[in-house]
Amino acid sequence: MLDPVAVELCPEQIGNGATSRVFKGKFCESGKVVREVACKEFMVSITPKHKIRLMKEIRCLKLLRHPNILSHFGVDFNRSLLVTALLEKKIEIDGAVINIHNARELLDTHEFKTISWSTRIKIMHGVTSGLSFLHAKNIVHCDLKAANVFVGDDGEDGLLVKLGDFGTALFDFAQFSVSVMPAATNTDNSVMCTAAYTAPELLERGAKPSFESDVYSLAMVMIEFSLPSRSTPWEGEVANSSIISDFVRRGERPSVSIEDLSGLKSEMASQWIRLLRECWEQNPTKRPTSAEAASKMSSLYSEEFSVKYKSFQEWKIQNQDVLFISLNTHQGMTIEVVDELVCGFASKNETMSSELNLDLTENLYQNDGSNACVYLCSKIADELIDSSLLCGQDNHIIVKRVSEDTIRKLPKRINSSRSIRELTDVDQAIQVMNQNEVICNKYNTTELLEKQSSKTLHEKHCYLKRALTCLEQSVNTDGKAFAIYLCRPLAILVGVLRSSFIIVDTHKVPEEAGGTQYGLIVQFTFDTDKKETVIDNIVEWISIRMRASIQNYSTSLHSLVLLQVIKKSGTDIFEFDISDVDDEELLNASLEAERNEGYLPSVVNDHSEQQQVSGQCFEVDEPTMKCLNASVDIKGSECSPSPKLNIGKNHIGEQSEIQQISSPSENITVNDKDNTIHLTNYILPKDLPDVKHDDSIVWKGHLTRFGLNSLNDFQMYAIQSVQLGRDTIVVQATGSGKSLCFQLPSLFDRQKFVVVVTPTISLINSQIEELKKLNIDAIALGRSAGQDAQRNDDRLFYNNGTSPLPSLVFMTPEHFVNRVCYSLEENKESIKLLVLDEVHKMFDRNSNFRSCYDFFKGIKERFPCVPVMALTATLSKGQLQSLCVDYLRNPVLIKSSINRSNIKLNIKSYVHTKKSKSSADGNSSSKEGIWCACATDIKNITGDEYAIVFMDFRSDVELMTSSLRLQIGEENVKPYYGSGMTHDVKKKNDTDFRAKEFQVLVATESYEVGTHNPHVDNIFRVGCMRNLSVIIQEFGRAGRSGNSADGFLLINESKDDQRLAFGLNAVQRMKRNS
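Going by our numbering, the sequence shown opens with residue 16, and the numbers climb by one from there.
What follows is the structure, encoded as structure tokens:
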């Protein structure tokens, strides 16, 4: 949404329609740059529903960056203005200067001033490039015509071409029309495009626009450029739109032939007509893709403007000293071998045995290197970086051996962890190989290209040359530097080894690039004074190589990613993210821990004996309620309220009233067979000295950084405990403001920092994002820091006083234990506080799952003078005992009700459709139907509000996501689960959901920890929870803005009977002990 002050509307009108007008305007971008813009003024009211959809679409459009796509700046809803870039071209006709804005207006000047074929081809080259880009982003334009091709003056070649007017563009979510010129839309979202440009398949009732229908419209635009004297493609032949539709249904097309293309070379005219007719094919499946059309138009453009590409033979004559070494394999060799064997059986009409077929299938799955080029390049670079043998003239021999071994062996180690059908990015490949302990080093990645897109091959060469110069300047002390060059679907390794460049291509390199149908190594030797020439030659060869396999290389996005080794510290064990773990493994680990302990969470729920369920009250017997309300099981003692410390009205968290903190007994009762042991190993807040008046004033001063003016009582106690150097346990409701207990003390002393150990990388990232918004200096170490990992590590441990210490340092437990514990011990005098956030996850595991948490049992010996704070919303009696005895030193226990009075618990049964026979056979629609009824209930309950749906397993999450998408829209529902979803996708889905980009998130338990979504007021748990801790954590995601919220427990008696029995037995055990 744009600030109205930033947009100045000018009186000059440059267009109008039935529902809108277009004016010139001025836009002050970022308070600095003032640019001319086009302002479309809607003359119809925008409903709230359309406003939300419009905001979604504008956010998407603003992210589109391409030389041939019109830039969108935003919407001013106060004046109903859509603001886009302004393109304007001045044309002089008979001494008069006129301004034109689109290709249709330009073509209308043809009878007065002939438009050359060079100009027409240049415009169509831009149109096809822009359309190909849109389709690559899964966007259907839906209203492609010459009037929506914007043209303007350009200082370089005299013409800018940008595709715009996404009036009825279909993104991957349902949306509202935002065309610069209005377009009509059916009530069923079927688009009514201009009849002359409408594909035959769209004339059928209920038909939806597609990439293919856009390509048909492209043919009609080509007719406009073929016959510029016509105002529309059918002008002079058919005037009535209904007749045009009838003609199109019968396969009739506007009359155009080579003879009409006067002024265009014969060969080029044939290519033009051939492409036009391919694009208007009656059968959509026979039309070329937009990428294929762009490639063919690019060939016409190259021929018209005499762009001559150097062949490999010409290049080789000028580069006789470049060494080419063929590998004896390539990444697709396994498929070739299997194909050859299968074809051998087929040629002999023989049937392959089931055993051989199974062996081949297994071999193919294990050894197939398809789309593994990024993994292969990363692994080869990792091996070469660690090699001590690369120091002589025969480096290529070592590189050849390493490359061949990697191509043969690596797929078997990574195929189970990657999608064979997709090309991954560098960060994801490194992450997967680190997790599988495939590579030796941790890496930061840096993009070396200043710009990844380009209009011309010359522009691409310039940027690549500068990037390769940066690569050569990035060598380490061994004279090595490696980067991965990507231009989908290819990736190659480019390295510097002292005085030579090495390129490793693991693909089947064609002869026109110097290959022999195997992988290839190319070595360029350079002297200092000839370095620039060598880099030019490298750029030329890379261009030859890419053009041999990528038709539209000159305008394709490319990337050069530098790999930089991160300094190691501690043992070489790799970092872990709980959200990367398989959901079933996580569930089994948790259930095993519960069986060993008889787990029920700490639940303090004042004295209510009734709970609201499905809108009705149900009675809970007093002993059961006593068990559910007990914060810690205490024998023979009473809970008395602790004194309150008042600074002012409470403004932190989601609860409007401060609840008194119950002071439990200092004795933890532990039943060990027949023996009862009483341990006095924690103290209560009442035993702390009062907060000094001067201290409270200082704290309130720092509190203003958070936009607050008072603290909750529990926050006061926790901060006082930290200031006294005491270990602390904080057990408080979800969303109550527990994080402030360590965030505020981090500001008290600039010479010290707070270390926060957090179980998930997603939670680390979200906390740092929020802190940075408050200008609080917080950093992460390890994988969660991304490209800043090395810089953050240096800042903390190799500072030498050159820059201030951060206030907070976040990391996972694995990174703490395996990477930085030793370094932190050496600098423990600089640590103000060590925080174990979401500490219940320390116990939510078995002996083989996240075993690094056991290391923290020795934390009090390793950091004797550093106070430790443990925070959670759920903690069992046994877990509290373990914390006090094994991890902490006589801590202060600050615990109060975890009750969230604004959340109502609702219990409802759901229907789980049994799998049909077709479902068992793999029918996806039948599988989705399993959750169809349940999805309908969720949709009806949720309405237009935001919601999170929690389920146990990834398979159910995927099926529920599909079912809900059928109910409320494809892009209104997204999943979140552990193993099988990349870190980038999880981060994007989490970020988009917090930004209200979609309505419903379907997630496994991996999403529950610490996530903060204030806009969510509905939480669904499908299936009986495995314990009360889970339901407290999951339902605690609701109502965090203070609004009334609902938690819906959806259970199925037959499916959830075992868990229901497990839960009831646990409650009965607590009743007997109470």
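In this text, a Cβ means the ideal position worked out from N, Cα and C, and glycines have one as well.
Note that this is a predicted model, so its numbers are computed, not measured.
What's the C-alpha gap between Lys480 and Leu535? Each residue's Cα considered, the two are about 21 Å apart.
In angstroms, rounded to a whole number, what distance separates the CA positions of Asp999 and Gln443? In this model, Asp999 and Gln443 are separated by some 8 Å (Cα to Cα).
Assumed close pair Leu149, His140 - CB separation to whole angstroms, cut-off 8 Å: Contact flag wrong, Cβ pair sits at about 15 Å.
Relative to the C-alpha of Ile14, which candidate in Cys485, Gln488 and Val537 has its C-alpha closest? In the structure displayed, the chain extends from 16 to 1089; residue 14 sits before or after that span and is not available.
Where DSSP assigns a beta bridge to Tyr500, which residues make up the other side? As a beta-bridge residue in DSSP terms, Tyr500 pairs with Ile507 and Leu575.
Residues in its own chain within less than 6 Å of Ile779 by CB, not counting five upstream and five downstream? So the qualifying residues of the chain are Thr773, Ala795, Ser799 and Phe825.
Return yes when the Cβ of Ala748 is within less than 7 Å of the Cβ of Arg915, no when it is not. Contact: yes.
With distance defined between alpha-carbon atoms, name the residue in Ile550, Ser515, Lys466 and Ser418 nearest to His522. That would be Ser418, whose Cα lies nearest to the Cα of His522.
Between the Cα of Val337 and those of Arg720, Ile518 and Arg877, spot the shortest distance and give me the residue it belongs to. When only C-alpha atoms are compared, the closest one is Ile518.
So Ser35 is in the alpha helix (DSSP H); what residue range does that whole segment cover? Looking at the DSSP string, Ser35 is not in any alpha helix (DSSP H); the run it does join, the beta strand (DSSP E), is Ser35 to Glu44.
Sorted by chain position, which residues of the same chain lie with C-beta nearer than 6 Å to Arg513's C-beta, five sequence neighbours on each side aside? Closer than 6 Å at the Cβ level, and outside the excluded window around Arg513, lie Gly494.
Could you tell me which residues DSSP puts in a beta bridge with Arg1036? Looking at the DSSP output, Arg1036 shares a beta bridge with Phe965 and Leu1064.
Unbroken beta strand (DSSP E) run spanning Cys25, endpoints: That run of the beta strand (DSSP E) goes Val22 to Asn31.
Considering just the uninterrupted stretch of the alpha helix (DSSP H) at Ser390, what are its terminal residues? Residue identity check: residue 390 is Tyr in the sequence provided, not Ser. Boundaries of the alpha helix (DSSP H) harbouring Tyr390: Cys388 to Asp401, taken from the DSSP string.
Would DSSP call Pro616 helix, strand or coil? Residue confidence is low: Pro616 scores 38 on pLDDT, short of 50, so the model does not pin down where it sits. Its coordinate-derived value is still stated next. Correct three-state label for Pro616: coil.
beta-carbon Gly958 near the ligand MG non-hydrogen atom, thresh 6 Å: Judged by which ligands are present, the structure shown has none, so any question about the ligand MG falls away.
Whether Asn153 touches Ser310 by CB criterion (7 Å): Asn153 is not a Cβ neighbour of Ser310, given a cutoff of 7 Å.
By Cβ distance below 8 Å, which residues in the same chain neighbour Lys787 in space, the five residues on each side in sequence not counted? The answer, listed in chain order, is Ala793.
Give, in chain order, every unbroken run of the beta strand (DSSP E) that is at least 3 residues long and sits entirely within the segment 308-369. Positions of the beta strand (DSSP E) runs, each at least 3 residues long and wholly inside the segment 308-369, are given as 338-341 in order along the chain.
Let me see if you follow: with CB-CB separation under 7 Å, is Asp742 close to chain B or not? Among the protein chains of the structure shown there is no chain B, as only one such chain exists.
Expressed to the nearest angstrom, what Euclidean distance is found between the alpha-carbon atoms of Cys880 and Ser838? Separation of Cys880 and Ser838 (C-alpha to C-alpha, rounded to the nearest whole angstrom) is 16 Å.
On the three-state DSSP scale, how would you describe Leu17? Looking at Leu17 - three-state DSSP - the assignment turns out to be coil, as it is neither helix nor strand.
Alpha carbon to alpha carbon, how far is Gly179 from Phe165? So the two alpha carbons sit approximately 7 Å from each other.
Could you pull out every residue in the same chain whose Cβ sits closer than 7 Å to the Cβ of Met448, ignoring the five residues on either side in sequence? The residues are Tyr390, Ser393, Lys394, Ile429 and Ile454.
Could you pull the start and end residues of the alpha helix (DSSP H) that Asp229 belongs to? It spans Phe226 to Ser241 - the alpha helix (DSSP H) in which Asp229 sits, taken as one unbroken run.
Just verifying my parser: in three-state terms, what is the DSSP assignment at Glu267? Residue state, collapsed to three classes: coil.
With Asn456 and Ile413 assumed to form a contact (beta carbons below 8 Å), what rounded beta-carbon distance in angstroms separates them? Not confirmed; about 18 Å, so no contact.
Contacting residues, own chain, Cβ-Cβ under 6 Å from Gly510 (five flanking each side not counted): Annotation for Gly510: Phe497 and Ile517 place their beta carbon closer than 6 Å to its own, counting only its chain and skipping 5 residues before and after.
Simplified DSSP assignment, three categories, for Leu920: The answer is strand: DSSP assigns Leu920 an E or B state.
DSSP three-state call for Gly278: helix, strand or coil? DSSP, reduced to helix, strand and coil, places Gly278 outside both helices and strands of the structure shown, so it counts as coil.
Quick check: Lys872 and Asp901, are their CB atoms within less than 7 Å of each other? Yes, the Cβ-Cβ distance between Lys872 and Asp901 is below 7 Å.
For Asp742 versus Pro906, is the C-beta spacing smaller than 7 Å? Cβ distance < 7 Å, so Asp742 and Pro906 count as in contact.
Whole angstroms is fine: what's the gap from Ser655's alpha carbon to Phe831's? Summary for Ser655: the model assigns pLDDT 32, below 50, so the residue's position carries little reliability; its value from the coordinates is reported in the next sentence. Near 39 Å, if we compare the C-alpha coordinates of Phe831 and Ser655.
Tell me whether the beta-carbon of Phe1035 lies closer than 7 Å to the beta-carbon of Val926. No, the Cβ-Cβ distance between Phe1035 and Val926 is not below 7 Å.
Opposite Ile518 in the DSSP bridges: which residues? Paired residue(s): Val509 and Val537.
Compare the beta carbon distance of Leu483 and Ile550 with 7 Å and say whether it is the shorter of the two. Leu483 is a Cβ neighbour of Ile550, given a cutoff of 7 Å.
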